[in-house]
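Everything below concerns the one structure shown next.
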Amino acid sequence: FKKNLTIYDITPEFLQSYENHMTKAGKSTSSIGIYMRQLRAIINQAIENNMLSADKYPFKKYQIPAGRNIKKALPSDDLQKLLDYTSKEAAKQKAIDFWIFSYLCNGINFTDIAHLKPENLDGNYINFYREKTKRTKKKDLRPIKVGLNPRVMEIINRQKNTDPENPYLFPILEAGLSPVTVKHRCQRFIKWVNKHMEEIRIEKEIGMKIGTYAARHSFSTVLKRKGASTSFIKESLGHSS
């Protein structure tokens, strides 16, 4: 878009011009938002390292566009097909186990599943902080409390870590990994589950995609269908609004 760009060239006018350029190139609102947030992170680092004055912060007068997330909740009959599903194939059983675990545990995000530790289990509950929230709301951290039912305990016992040296509940991560490796492991885990859930979707003739996010959205939508309050759903998901 602009050759030989310097950090001082990033102004509100530049950002709006860059957004217009990406829109004309056919980028979606979500994609534009991703590019802009990366650029904002660089600007924030420059200010933190005294390379740029805080009064030159260009994002004060420019608002990053945000795409509206399309919720992917399953219809009740398709959801029941998954809850009743078992497989003799270890990979499919593992994928459906983690999908159902997410659904039954307040729609827990799969990155948060990967970070669970045995100490998060407290009697009949799982208590955990969202990894996303740890980074963004250090002063107002609120734990999510999930009731453990027999199905959840069955999944934990089947899929839990058996390596005494590994501090995590499930064998997805291990001690001493760099943040970049942790991120890649979580992404690989999600991709692996999605791959096998797609096989299950075809096998059970389910119309819509049933990736990891479908478990989270199905949890919240079922609560809504059953008459739960918006504030209860919000707190169960760990959302601030």
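The opening residue of the sequence shown carries number 18 in my numbering; numbering runs sequentially from there.
Every residue gets a Cβ at the ideal spot worked out from N, C-alpha and C, and that includes glycine.
Span separating the alpha-carbon of residue i from that of residue j
i, j, result
"SER237", "LEU254", "8 Å"
"TYR259", "GLU36", "An answer regarding residue 259 cannot be provided, because it is not within the stretch 18 to 258 covered by the chain."
"HIS213", "LEU158", "34 Å"
"TYR230", "ARG54", "22 Å"
"ILE117", "MET170", "12 Å"
"ILE250", "SER257", "11 Å"
"ASN211", "ASN21", "40 Å"
"PHE187", "GLN80", "40 Å"
"GLU215", "ASN67", "48 Å"
"ARG205", "SER246", "35 Å"
Selection from the options that minimises the alpha carbon distance to residue i
i, options, result
"ILE161", "ILE172, ASP129, GLU171", "ASP129"
"ARG242", "ARG57, GLN204, LEU91, TRP209", "LEU91"
"LYS77", "THR150, ASN166, GLU30", "GLU30"
"CYS122", "PRO167, ASP94, LYS221, GLN110", "PRO167"
"LEU69", "GLU106, PRO82, PHE127, THR23", "THR23"
"SER34", "PHE18, LYS44, SER45", "PHE18"
"ASP94", "SER246, PRO135, ILE223, THR247", "ILE223"
"GLU148", "SER45, ILE27, ALA42, PRO196", "PRO196"
Identified DSSP bridge partners for residue i
i, result
"TYR25", "Answer by DSSP bridge pairing: none, since TYR25 is not bridged."
"PHE145", "ILE161"
"ASP180", "Answer by DSSP bridge pairing: none, since ASP180 is not bridged."
"ASP72", "None; ASP72 has no bridge partner."
"ASP139", "TYR142"
Cβ shell of residue i (< 8 Å), same chain only, five flanking positions each side left out
i, result
"TYR10", "Absent from the model: residue 10. The displayed extent of the chain is 18 to 258, so no value can be given."
"LEU194", "ARG202"
Expected contact under 8 Å - CB spacing of residue i and residue j to nearest Å
i, j, result
"TYR142", "VAL163", "6 Å"
"MET39", "TYR52", "7 Å"
"ARG218", "ILE227", "5 Å"
"PHE127", "ILE207", "5 Å"
"LYS109", "LYS221", "Not confirmed; about 11 Å, so no contact."
"HIS132", "LEU190", "7 Å"
Contacts around residue i, its chain only, beta-carbon distance under 7 Å, and the 5 residues preceding and following it disregarded
i, result
"GLU106", "none"
"LYS200", "none"
"PRO71", "The question names Pro, but residue 71 is Ala in the sequence shown. Result list for ALA71: ILE64, in chain order."
Sequence-distant residues of the same chain with beta carbon closer than 6 Å to residue i, five excluded per side
i, result
"LYS89", "TYR230, ALA231, HIS234"
"SER47", "GLY84"
"ASN183", "GLU191"
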